[in-house]
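Asks:
Protein chains: 2
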Amino acid sequence: MRSFEALAREYIDKTAGFVVQCMIEKNLRISLAESCTGGMISQIITSVPGASGIFECGVVSYSERIKEELLGVPKSIIEKYGVVSSETAISMAENVMRISGSDISAGVTGIAGPGGDGINPAGTVYIAVIYKDKRYAANLALNRFGELTRQEIRLGTACAVLKKAEEFINRH
Amino acid sequence: MRSFEALAREYIDKTAGFVVQCMIEKNLRISLAESCTGGMISQIITSVPGASGIFECGVVSYSERIKEELLGVPKSIIEKYGVVSSETAISMAENVMRISGSDISAGVTGIAGPGGDGINPAGTVYIAVIYKDKRYAANLALNRFGELTRQEIRLGTACAVLKKAEEFINRH
């Protein structure tokens, strides 16, 4: 049986190239605001030759201060819903889209582990993807059975963001 | 003979863990402004468990507009020296340090390829690393013989930044 990591990497390689190609053809630009994935999704998209034409901006905002001051996520959202929440993920995506003027954006906030944050277990990862007037947000709850590593949780998150971006770009 | 990629990944795995551990012990924080590495160095550092305590902020600024508007690199520097220059790399590092308040920062701007930009060949990569009052900048000129791929140029750049960060943190 192939490993989770091998399957995720295969999916990522295939999907990232496809997403970048579609964006080039449709003249679309993407921006990303990543917390627990720490730049992994930006790195995946920019690893495709030609990505400089479609990748506008990425912000890796680990701390609450950077989420608020650099991205512009309202303090009230973080206080009301928590930094690990779909509301914060949506605000991250909205704000990086506002900053960059991109057509599509994603926000990621969660716990890659090892270990939870006292409230959420490792694997609690909220993603938001915005494409024009369409919005998607979900808790991936990637580690229901406690078997995934930090790296696997990050790779699983990257797969989910690419999958939703691909759907949005192709269907609309 | 082992591949360039395998050697680079081994060096990165070893060095990233060591750098993060040293930073935790010395209570230091890092921030990064990446252009051609596209988030790869942020992703490498945040892949180490415990990195949330030392990683402050990463900005992936592919476009000149994001370098100017989000990071605050002066337009005059880009116009005078070019976007691929040690001056721009230093300004990227200075500005992400200013935004984040980190103790150490790095800036990366260059051409990962395939192909050059009309002025610089692929592999022309300027890195800057700042630690407190110390500054380092260099053109890595990674592809003098035209044999490295886009991925290898990005990995080689990550190795060089980690090496300089390790030196600065350990010697001072």
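Protein chains in written order, with this note's numbering: chain A, 1 to 172; chain B, 173 to 344. For each residue, glycine too, the CB sits at the ideal point set by N, CA and C.
Grouping DSSP H, G and I as helix and E and B as strand, with all else coil, what is K132(A)?
Replies: For K132(A), the three-state secondary structure derived from DSSP is coil.
Asks: How big is the Cα-Cα spacing for P49(A) and I41(A)?
Replies: 15 angstroms
Asks: Is it the case that the Cβ atoms of G225(B) and I196(B) are separated by a distance below 8 angstroms?
Replies: yes
Asks: Looking at the C-beta of F171(B), does it have a partner C-beta in chain A at a distance below 8 angstroms?
Replies: There is no way to answer for residue 171(B), as the model of chain B reaches only from 173 to 344.
Asks: Could you give the distance in angstroms between the alpha-carbon of V191(B) and the alpha-carbon of I276(B)?
Replies: 12 angstroms
Asks: Looking only at its own chain, which residues have a Cβ that is under 8 angstroms from the Cβ of D117(A), when we skip the five neighbours before and after it?
Replies: V84, I111
Asks: Excluding sequence positions up to five away, which residues of its chain have a Cβ less than 8 angstroms from the Cβ of G101(A)?
Replies: R29, E56
Asks: Tell me, which residues are paired with A33(A) by DSSP?
Replies: Paired residues: V59(A), G107(A).
Asks: Taking only three categories from DSSP, how would you classify A137(A)?
Replies: A137(A): strand per DSSP, three-state reduction.
Asks: Rounded to whole angstroms, what's the CA-CA distance from A106(A) to V333(B)? Just pull it up for me.
Replies: Their backbone Cα atoms lie some 27 angstroms apart in a straight line.
Asks: Tell me the rounded alpha-carbon separation between N143(A) and E167(A).
Replies: 24 angstroms
Asks: What is the C-beta distance between I299(B) and A310(B), in whole angstroms, given that I count them as a contact (C-beta under 8 angstroms)?
Replies: 6 angstroms
Asks: Write down the C-beta distance between V268(B) and L243(B) rounded to the nearest angstrom, noting that I regard them as a contact closer than 8 angstroms.
Replies: Right, the Cβ-Cβ distance comes to about 6 angstroms (below 8 angstroms), so this counts as a contact.
Asks: Over the uninterrupted alpha helix (DSSP H) stretch that includes A6(A), give me the two end residues.
Replies: 4-26
Asks: Alpha helix (DSSP H) containing G254(B): first to last residue?
Replies: Element bounds for G254(B): n/a, residue is neither H nor E.
Asks: Leaving out five residues on either side along the sequence, give the residues of the same chain with a beta carbon under 8 angstroms from the beta carbon of C159(A).
Replies: Cβ neighbours of C159(A) within its own chain (closer than 8 angstroms, five residues either side excluded): A8, Y11, I12, T15.
Asks: To the nearest angstrom, report how far apart E94(A) and T37(A) are at their CA atoms.
Replies: The alpha-carbon atoms of E94(A) and T37(A) are separated by roughly 18 angstroms.
Asks: Let me make sure I understand the geometry here. Which of P114(A), K163(A), K67(A) has the alpha-carbon closest to that of E34(A)?
Replies: Out of P114(A), K163(A), K67(A), K67(A) has the C-alpha closest to the C-alpha of E34(A).
Asks: What do you get for E79(A), buried or exposed, if any count of 16 or more other CB atoms within 10 angstroms of its CB means buried?
Replies: exposed
Asks: Quick one: using the 10 Å Cβ neighbour count with 16 as the cut-off for buried, is K132(A) buried or exposed?
Replies: exposed
Asks: Can you tell me the Cα-Cα spacing of P74(A) and S175(B), whole angstroms?
Replies: Put simply, the backbone Cα of P74(A) is about 47 angstroms away from that of S175(B).
Asks: Shorter than 8 angstroms from the beta carbon of Y183(B) to some beta carbon of chain A?
Replies: no
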